[in-house]
Amino acid sequence: MPELNAALPALLVVEDEKNTRDGLRRALEDKFDVYLATDVEAAMNVLETEPIDVCLSDLRLGGGANGMELLARAQTLPRPPVFLMMTAYGSEAVAVEAMRRGAYHYVSKPLNLEELELTLLRAVRSRQVEVENRKLREELDSKFGLENLIGNTPAMTRLFDLIKQVANTSVTVMIEGESGTGKELVAKALHQLSSRRNNPYVAVHCAGLAPSLLESELFGHERGAFTGANTRRVGRFEEAGHGSIFLDEIGEIDASTQVKLLRVLGERYIQRVGGSANIPVHARIIAATNKDLKEMVKQGTFRDDLYFRLNVVSITMPVLRERRDDIPLLINAFLKEFAKQNNKNIAGFSQEALDAILRYEWPGNVRELRSAIEGAVALARTDRIGLKDLPFAVQSPLAGAIQVPGFGGIGPGARGTSSAAAAGPGMGMGAGSASAAATAPSQDIAGAASQGYTAPRLAGGGTAGALVVTGAAADALAEGAQDLNLEHMEKAFIVEALRRAGSNRTEAARLLGISRRTLHRKIHELHLEDS
């Protein structure tokens, strides 16, 4: 066992009976630096200002408070002490409950001073082991706090640097970004890399609760505050203690809750619903949104003073389509995770599948990519994930719908007929479906041909706008739309891409958002070698 430090360990004795309190001080002061307190408030004053190693508290204290309340409050401190409970004969059941709530041990009155001293020394040794473990955790946390955020592009490097810079401060942080970019992962990293890591991390998803329920969730309520409030409830701010509270989708909160949250940020206290007591807030606040809060402030739907209070430090999440070089790292990490989870031996991805993954826009960002790989692992029948294992939207090189007057569209939204499916990757019936196309007025389709057809923005293409099909290619596309001959349409887009690329197949493939190999195969299948 580790030896005690040269300095005496600090012991706080909390006892409202003076003779017992003084007797314990005299019996233990040779082995401990003894502090004394008579009630919960006096004990908390000592615990908040002195580096107490062990707290020895009577279960029953004067003033209506008790050792259980002190135990609960002590555990919210950044450096909680090892806690021992003193209890009268016959109260062992309550003492066992205290241990269940986090106490190290209990001792029964009348006290055996020799046994008490041994128990306290064991508690100190336990404390020293805990301190050593905490130091080790801190070393590991500094190394691995960002482990769930994957990427080495410049955008991610900047993100990592900013997280490390603000993590160990107490400033309020606003994380902005599209859905699925990993905002909560950043919030957890900020907590894990801070000195608050051993205290609670509490997440509240504001969009999932009605305003009345959200207020009770955040601030708690007193018994009888509203119908059904049969007991007092501690809110999430109180639960967070000296840790971190993450308010996700902060843009969804109603005007009344905005006012109360503003008070929390300004005055650092809350009041439970139906209560009047001011309860201090110690937690660090981290908020996140996928909305444009500045625009909401202009529209009057979000308070400007609350916005400025929340936006002390702003972190903007990079979208996946702007860091495509991270996709191979991400899919390999997800593949390992889900292959292990499903007990499958999958070595990697086919070239076609990889091409499709890299060209897709991923509007749902990393969350959508993760879900796609999870599904692909479940569907894979060989040791490599193939194109057909991926979601349909990812398989199609035309990742969007072609809008034609009177015609529903063509693209990956397809729920097609057998002819649509037969067209292979690249064409499928879109939102309008076959029935919409069949009822489309032919004059609308023919008229559109004279103006040209506009293809969707092509995933991964890198072009600033859409691919516009004109002239003979547009005529062919109109003919294909009238006859539901998807081969004509596919030809039209390939011919137009080759024309715009000056017959450079690499550039044409880029415009279409497909690999050069896929384009070469399509040219051969559609007999376009002379195009």
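Residue numbers for the sequence shown follow my numbering, beginning at 127 and rising by one.
Note that beta-carbon positions come from the ideal geometry of N, C-alpha and C, so glycine has one too.
With a 10 Å radius around its C-beta and 16 neighbouring C-beta atoms as the bar for buried, classify residue i as buried or exposed.
i: glutamate 478; result: buried
i: isoleucine 508; result: According to the sequence shown, residue 508 is threonine rather than isoleucine. Burial call: exposed.
i: threonine 213; result: buried
i: histidine 650; result: exposed
i: glycine 369; result: buried
i: asparagine 471; result: exposed
i: proline 538; result: Low confidence applies to proline 538: its pLDDT is 32, below 50, so where it sits in the model is not reliable enough to give any reading.
i: phenylalanine 658; result: Beyond the ends of the chain as shown, which are 127 and 657, falls residue 658; an answer cannot be given.
i: tyrosine 395; result: exposed
i: proline 177; result: exposed
i: asparagine 325; result: buried
i: lysine 309; result: buried
i: serine 641; result: buried
i: proline 337; result: exposed
i: lysine 466; result: exposed
i: lysine 648; result: buried
i: glutamine 291; result: exposed
i: aspartate 287; result: exposed
i: valine 520; result: buried
i: aspartate 255; result: Checking the sequence, you will find valine at residue 255 rather than aspartate. Per the 10 Å Cβ criterion, exposed.
i: threonine 644; result: buried
i: lysine 314; result: buried
i: glycine 306; result: buried
i: aspartate 148; result: exposed
i: phenylalanine 352; result: exposed
i: arginine 284; result: exposed
i: arginine 253; result: buried
What is the C-beta distance between residue i and residue j, in whole angstroms, given that I count them as a contact (C-beta under 8 Å)?
i: valine 312; j: isoleucine 453; result: Not confirmed; about 19 Å, so no contact.
i: alanine 618; j: alanine 627; result: Contact flag wrong, Cβ pair sits at about 15 Å.
i: phenylalanine 638; j: glutamate 616; result: A small fix is needed here, since residue 638 is leucine in this sequence, not phenylalanine. About 10 Å separates the two Cβ atoms, so there is no contact after all.
i: leucine 244; j: valine 180; result: Not really, about 13 Å apart at Cβ, beyond 8 Å.
i: valine 360; j: glycine 346; result: 5 Å
i: threonine 279; j: arginine 449; result: 4 Å
i: histidine 331; j: glycine 367; result: Incorrect: roughly 20 Å between the Cβ atoms, too far for contact.
i: alanine 229; j: phenylalanine 209; result: 5 Å
i: alanine 473; j: glycine 400; result: With a Cβ gap of about 60 Å, alanine 473 and glycine 400 do not count as contacting.
i: leucine 182; j: leucine 246; result: 7 Å
i: alanine 482; j: leucine 505; result: Wrong, their Cβ atoms sit about 14 Å apart, outside the cutoff.
Run through DSSP, which three-state label would residue i get?
i: serine 296; result: coil
i: leucine 346; result: Contrary to the premise, residue 346 reads as glycine rather than leucine in this sequence. Strand.
i: threonine 353; result: coil
i: asparagine 192; result: strand
i: threonine 383; result: helix
i: arginine 450; result: helix
i: aspartate 159; result: strand
i: threonine 146; result: helix
i: alanine 575; result: Model confidence at alanine 575 stands at a pLDDT of 34, short of 50, so the residue's coordinates are unreliable and nothing is read from them.
i: aspartate 515; result: helix
i: phenylalanine 428; result: coil
i: methionine 212; result: strand
i: valine 140; result: strand
i: serine 305; result: coil
i: alanine 403; result: coil
On a Cα-Cα basis, can you pick out the residue from the options that is closest to residue i?
i: glutamate 378; options: Asp418, Arg349, Phe352 and His408; result: Asp418
i: leucine 344; options: Tyr327, Ser320, Arg398 and Thr298; result: Arg398
i: arginine 186; options: Thr644, Arg253, Thr175 and Lys235; result: Lys235
i: aspartate 184; options: Met211, Ala198 and Ser338; result: Met211
i: leucine 387; options: Leu340, Tyr232 and Asn238; result: Leu340
i: alanine 414; options: Met194, Val423, Ile371 and Ile483; result: Ile371
i: phenylalanine 158; options: Pro135, Asn404, Ile457 and Tyr232; result: Pro135
i: valine 492; options: Gly512, Glu365, Pro517 and Ile457; result: Ile457
i: serine 522; options: Glu494, Glu487 and Val503; result: Glu487
i: asparagine 274; options: Ser382, Ile411 and Leu455; result: Leu455
i: isoleucine 405; options: Glu218, Glu348 and Val423; result: Glu348
i: asparagine 238; options: Ala249, Thr175, Gly277 and Leu150; result: Leu150
i: aspartate 380; options: Phe428, Glu393, Asn630 and Thr175; result: Phe428
i: glutamate 113; options: Glu304, Ala133, Pro489 and Glu258; result: Nothing can be reported for residue 113: it is not among the residues displayed for the chain, which extend from 127 to 657.
i: asparagine 171; options: Leu480, Leu391 and Arg199; result: Arg199
i: leucine 316; options: Gly334, Glu167, Leu272 and Ala281; result: Leu272
i: asparagine 416; options: Asp431, Thr146, Ile376 and Ala219; result: Ile376
Any contact of the region 218–227 with the region 134–145, i.e. 3+ C-beta pairs under 8 Å? no
Taking contact to mean 3 or more Cβ pairs, one atom from each stretch, closer than 8 Å, check whether the region 422–441 and the region 288–304 are in contact. As far as the Cβ criterion goes, the region 422–441 touches the region 288–304, which means the pair count is three or higher.
Counting Cβ pairs closer than 8 Å, one from the region 287–296 and one from the region 309–324, do we hit at least three? Contact holds: three or more Cβ-Cβ distances are below 8 Å.
Does the region 491–509 come close enough to the region 454–463 that 3 or more CB-CB pairs lie under 8 Å? yes
Kindly confirm or deny that the region 147–165 and the region 197–209 touch, where touching means at least three C-beta pairs closer than 8 Å. In short, these stretches do not touch, since the Cβ pair count stays below three.
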